[in-house]
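Visitor: A single structure is presented below for examination.
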Amino acid sequence: MKKSAELQENLIRRIGLITFVFLMVLLMIGLRLYIDVDNYQLAMVTSGILGENNYCRYISWLLCVGIAGLNQLSQQVDWFSFVCRVLTIVSIFSLGAVVNKAKGKWSWIVGYIVIFSVAFPYIMSQNYTLVTAFAIGTGIILLMLSLWGYVNGPIWNVSGTVLIFAALLLRMNGAILFFPFMILEILQYCYRNWEKAKIVNLMKKIVPVLLCFIIIVASDMLVQSSEKYSASMRYDLARISILDFPVKSYSDISDQVPQLIENDYNMILGWDLLDTELINSELMEQIAENGARKIPLQQAFETIKQQFLAVGGLSALTSVLMLWAFLNAQWDGKLKILCSIGGAGIIAMYFAIKGRFIDRVAIPLLLCLIVMATLTILLSKGHEMRSSFFVGVLCVLFVIRLTDLPIDTWDIQLAINAKQGVETGTMEETNQDVFFQPTWMYYSAEGRMIQGKLPTKEFLKHNMSMGDWSYGQVYFYEHLLEMGIENPMRDLIERPDTYVVDQNVDQILTYLREHYDQNVQAITVGEKNGLPVWKFESVVQ
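Per the numbering used here, residue 19 is the first one in the sequence shown, and the count goes up by one each step.
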């Protein structure tokens, strides 16, 4: 009778797990493919439509090579987005499998609520940094549960290692955020299991992860320091230092960088990088060296508070789980929870002072804490998830989370046909026409992101943004060569059929007069996507 009841319970668990995973996958597929502009641009680069070279330093060189190989198999699939979605699905399924192993009558409810609430921001945004955090967080849970013996069999260890490896390939800078917390878990294991056999078991689990880390870091360092990529790396690091972090006003740095004109400075800070000769690595390095600005402590605290409030549902879930874990844990587990909170606070403060504490840092930090809380709760001695109070709170949070579902972004779009392309516009393009557009319009106004399609190579021969993180990269210069462009800014007056699409071109006009031709004038010649099209011509006085 007891055995029959256990079989029935296991069957219900499996049916619940399959149903839950299926609904989660439907939720993800039912949302637009390109919600995040960074993912959209990475898909463009890795798919090879900007140039044959598809290496982007934000993801691993090994992953770029792998995607380049997959591109040969099918020219219709956006393999980068495909990898992100598959990785999210595998992470959801893996967490569901852990729930299936959890003990106690409340385990299903709690487990599913936690999985949904944790997965929610990753599914909603599709941002590759958040997908990385979700994958490595899941991998650490699987690996650590296997290490502690909570789950048995090589499948758990292998799955955890594979997820961590995939996360490192996708976004190294996002993945390493989890390493300090993983080390905390390992230290607790060593404290409790200081025997030779246990340490050998630890090494068997951890060494493959370390090897994966070393291989990815070594390959990226070799590629980035090579003659082919070193200049693009220098440009990108210089650009990041002044566009991704706060800098001083022009009046505060004009004396230290005398060759810098105020209009030039405003254009750079506005992501207008059209001049590939004068706006170079050396100039941006000088700006960064003299203009770097740290955020005051009080403002940093306010930034942290605002960011965590902006993701209030996940912050509330994290707080409940951390409190639950602290109350369930023994003294070493309590110490681990306190160290995790302190470590997360230090990391948050570091990024806030640097001026870079954004949602893509705040959300992974919260996930780090959820990973630690989950492991502590599951591994607590005699734990069976019976606290009705905490279950009730989690249920309330779950209902609140459901109200955040973005109904307006539901549209079934698949990565397997994302490269069929879509072209729109109101000004006919000739074989020589080139249009430079504001970055926001280049990626969204044409309707390509909304429709879940990447632009065609033919479209990209005639259209380019005025500035984004592709500037200065190897594939960027390949793209310019294919367009017949040498220096985009100078070619506005020297190359026929070269235009700017924007509401206002005063800054560009001032720049051209200060650096190239004081007699140049801006003339409207048409309209594209509801904005005037400008042609720059020299007018003899």
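Backbone N, C-alpha and C define an ideal beta-carbon position, used for all residues, glycine too.
Have a look at ILE365 and LYS352 and give me their C-alpha separation to the nearest angstrom.
Guide: For the purposes of this step, residue 365 is taken as the residue at position 347 of the sequence shown. For the purposes of this step, residue 352 is taken as the residue at position 334 of the sequence shown. When rounded, the distance between both Cα atoms is 20 Å.
Visitor: Would you decide whether GLY470 is buried or exposed? Buried here means 16 or more other CB atoms lie within 10 Å of its CB.
Guide: Here residue 470 refers to the residue found at position 452 when the sequence shown is read from its first residue. Flag for GLY470 reads buried.
Visitor: Looking at the unbroken beta strand (DSSP E) that takes in VAL538, where does it start and where does it end?
Guide: As a working note, residue 538 is residue 520 in the sequence shown. Run containing VAL538: 538-546, per the beta strand (DSSP E) assignment.
Visitor: Ends of the beta strand (DSSP E) at MET482?
Guide: Taking the sequence shown and counting its residues from 1, one reaches residue 482 at position 464. Here the beta strand (DSSP E) through MET482 covers 481-483.
Visitor: For SER2, which beta-bridge partners are listed by DSSP?
Guide: Given that the chain is displayed from residue 19 to residue 559, the structure contains no residue 2 and the question cannot be resolved.
Visitor: Please give me, in chain order, every unbroken run of the alpha helix (DSSP H) with length at least 4 that falls completely inside the segment 148-208.
Guide: Here the runs fully enclosed are 172-188, 190-193.
Visitor: Buried or exposed for TRP212, please, with buried defined as at least 16 other CB atoms from any protein chain shown within 10 angstroms of its CB.
Guide: Looking up residue 212 in the sequence shown gives position 194. By the neighbour-count rule (16 or more Cβ atoms within 10 Å), TRP212 is not buried but exposed.
Visitor: Which residue's Cα is closest to the Cα of PHE183: SER272, LEU549, ILE232, LEU51?
Guide: Locating residue 183 in the sequence shown gives position 165, where the first residue counts as 1. Among SER272, LEU549, ILE232, LEU51, the Cα nearest to that of PHE183 belongs to ILE232.
Visitor: Out of ILE77, ILE260, THR392, state which residue places its alpha-carbon closest to the alpha-carbon of LEU335.
Guide: Walking along the sequence shown from the start, residue 335 turns up at place 317. When only C-alpha atoms are compared, the closest one is THR392.
Visitor: So within the segment 231-306, which uninterrupted alpha helix (DSSP H) runs reach at least 4 residues, ignoring any that extend past its ends?
Guide: DSSP runs (the alpha helix (DSSP H)) wholly in the segment 231-306: 248-261, 268-271, 280-287.
Visitor: Using DSSP bridges, identify the partner residues of TYR368.
Guide: Taking the sequence shown and counting its residues from 1, one reaches residue 368 at position 350. According to DSSP, TYR368 bridges with nothing at all.
Visitor: Sorted by chain position, which residues of the same chain lie with C-beta nearer than 6 Å to ARG311's C-beta, five sequence neighbours on each side aside?
Guide: In the sequence shown, residue 311 corresponds to position 293, counting from 1. Around ARG311: PRO264, VAL265, LYS266.
Visitor: Is TYR207 closer than 8 Å to ASP166 when the C-beta atoms are compared?
Guide: Within the sequence shown, numbered from 1, the residue matching residue 166 stands at position 148. Within the sequence shown, numbered from 1, the residue matching residue 207 stands at position 189. For the record, residue 166 in the displayed sequence is Trp; it is not Asp. Yes.
Visitor: Please report how far the alpha carbon of ILE541 lies from the alpha carbon of ASN547, in whole angstroms.
Guide: Against the sequence shown, residue 541 aligns to sequence position 523. Against the sequence shown, residue 547 aligns to sequence position 529. Each residue's alpha carbon lies about 18 Å from the other.
Visitor: Assuming GLN144 contacts ASP54 (C-beta within less than 8 Å), just tell me the rounded distance between them.
Guide: In the sequence shown, residue 144 corresponds to position 126, counting from 1. In the sequence shown, residue 54 corresponds to position 36, counting from 1. Contact holds; Cβ gap of about 5 Å.
Visitor: Alpha carbon to alpha carbon, how far is MET302 from ASP282?
Guide: To locate residue 302, count along the sequence shown from 1; it is residue 284. To locate residue 282, count along the sequence shown from 1; it is residue 264. The straight-line gap from Cα to Cα measures roughly 11 Å.
Visitor: May I ask you to verify whether the segment 477-492 touches the segment 247-266, counting CB pairs closer than 8 Å and requiring at least 3?
Guide: The segment 477-492, when compared against the segment 247-266, does touch it at the 8 Å Cβ threshold.
Visitor: Return yes when the Cβ of ASP262 is within less than 8 Å of the Cβ of ALA328, no when it is not.
Guide: Taking the sequence shown and counting its residues from 1, one reaches residue 328 at position 310. Taking the sequence shown and counting its residues from 1, one reaches residue 262 at position 244. It is not a contact, given that the beta carbons lie outside the stated cut-off.
Visitor: If you draw a straight line from the alpha carbon of CYS74 to that of ILE234, how long is it in whole angstroms?
Guide: If you number the sequence shown from 1, residue 74 lands on position 56. If you number the sequence shown from 1, residue 234 lands on position 216. If you take the alpha carbons of CYS74 and ILE234, they lie about 14 Å apart.
Visitor: Let me confirm a value: ASN89 is counted as buried when at least 16 other C-beta atoms fall within 10 Å, else exposed. Which label applies?
Guide: Indexing the sequence shown from 1 puts residue 89 at position 71. Answer is buried; the Cβ neighbour count reaches 16.
Visitor: Kindly provide the ranges of any alpha helix (DSSP H) runs that are 4 or more residues long and lie completely inside the segment 305-346, ordered along the chain.
Guide: For the segment 305-346, whole alpha helix (DSSP H) runs of length 4 or above, ordered along the chain, are 315-328, 330-346.
Visitor: Are the beta-carbon atoms of VAL519 and GLN455 separated by less than 8 Å?
Guide: What you label residue 519 is simply residue 501 of the sequence shown in a count that begins at 1. What you label residue 455 is simply residue 437 of the sequence shown in a count that begins at 1. Going by C-beta atoms, VAL519 is nearer than 8 Å to GLN455.
Visitor: Please report the straight-line C-alpha distance between GLN325 and ALA380, rounded to a whole angstrom.
Guide: On the sequence shown, residue 325 is found 307 positions in, with the first residue counted as 1. On the sequence shown, residue 380 is found 362 positions in, with the first residue counted as 1. Answer to the nearest angstrom: the Cα atoms are 7 Å apart.
Visitor: Do THR516 and SER483 have their C-beta atoms within less than 8 Å of each other?
Guide: Position 498 of the sequence shown holds residue 516. Position 465 of the sequence shown holds residue 483. Not closer than 8 Å, so no.
Visitor: For the beta strand (DSSP E) that PHE453 lies in, which residues bound it at each end?
Guide: For the purposes of this step, residue 453 is taken as residue 435 along the sequence shown, with counting starting at 1. Per DSSP, PHE453 belongs to the beta strand (DSSP E) from 452-455.
Visitor: Considering only residues of the same chain and omitting the five flanking positions on each side of GLY66, which have a CB-CB separation below 8 Å?
Guide: Working through the sequence shown from its first residue, we reach residue 66 at position 48. Around GLY66: ASN72, ALA86, ASN89.
Visitor: Pick helix, strand or coil for VAL379, following the three-state DSSP scheme.
Guide: One-based indexing of the sequence shown puts residue 379 at position 361. Helix at VAL379.
Visitor: Measure the C-alpha to C-alpha separation of PHE196 and ILE279 and round it to an integer number of angstroms.
Guide: Position 178 of the sequence shown, counting from 1, holds the residue named residue 196. Position 261 of the sequence shown, counting from 1, holds the residue named residue 279. Rounded to whole angstroms, PHE196 to ILE279 spans 42 Å at the Cα level.
Visitor: Take ILE511 and list the residues in its own chain whose beta-carbon comes closer than 8 Å to its own, dropping the five residues that flank it on each side.
Guide: Here residue 511 corresponds to residue number 493 of the sequence shown, with the count starting at 1. These residues qualify, in order along the chain: LEU530, TYR534, ASP535, VAL538, PHE554, GLU555, SER556.
Visitor: Under 8 Å, with one C-beta from each stretch per pair, do the segment 186-201 and the segment 146-161 reach the 3-pair mark?
Guide: Yes, they touch.
Visitor: Alpha carbons only, please: which of PHE111, ILE468, LYS475, GLY360 is nearest the one belonging to VAL63?
Guide: Along the sequence shown, one-based indexing puts residue 63 at 45. Measuring from the Cα of VAL63, the nearest candidate turns out to be LYS475.
Visitor: Helix, strand or coil for VAL389 per DSSP?
Guide: Locating residue 389 in the sequence shown gives position 371, counting from the first residue. Helix at VAL389.
Visitor: Where ILE526 and ILE159 are concerned, what is the direct C-alpha to C-alpha distance, given to the nearest angstrom?
Guide: As a position in the sequence shown, residue 526 is number 508, starting the count at 1. As a position in the sequence shown, residue 159 is number 141, starting the count at 1. Roughly 52 Å separates the two Cα atoms.
Visitor: Consult DSSP for THR474 and reduce its assignment to one of helix, strand or coil.
Guide: By one-based count along the sequence shown, residue 474 stands at place 456. Three-state result, THR474: coil.
Visitor: Pull up the distance between the alpha-carbon of VAL180 and that of LYS214, whole angstroms please.
Guide: Taking the sequence shown and counting its residues from 1, the one referred to as residue 180 is at position 162. Taking the sequence shown and counting its residues from 1, the one referred to as residue 214 is at position 196. Straight-line Cα distance between these residues: approximately 26 Å.
Visitor: Give the single residue among LEU51, PRO514, ILE395 whose Cα lies nearest to the Cα of GLN348.
Guide: As a position in the sequence shown, residue 348 is number 330, starting the count at 1. Closest by alpha carbon: ILE395.
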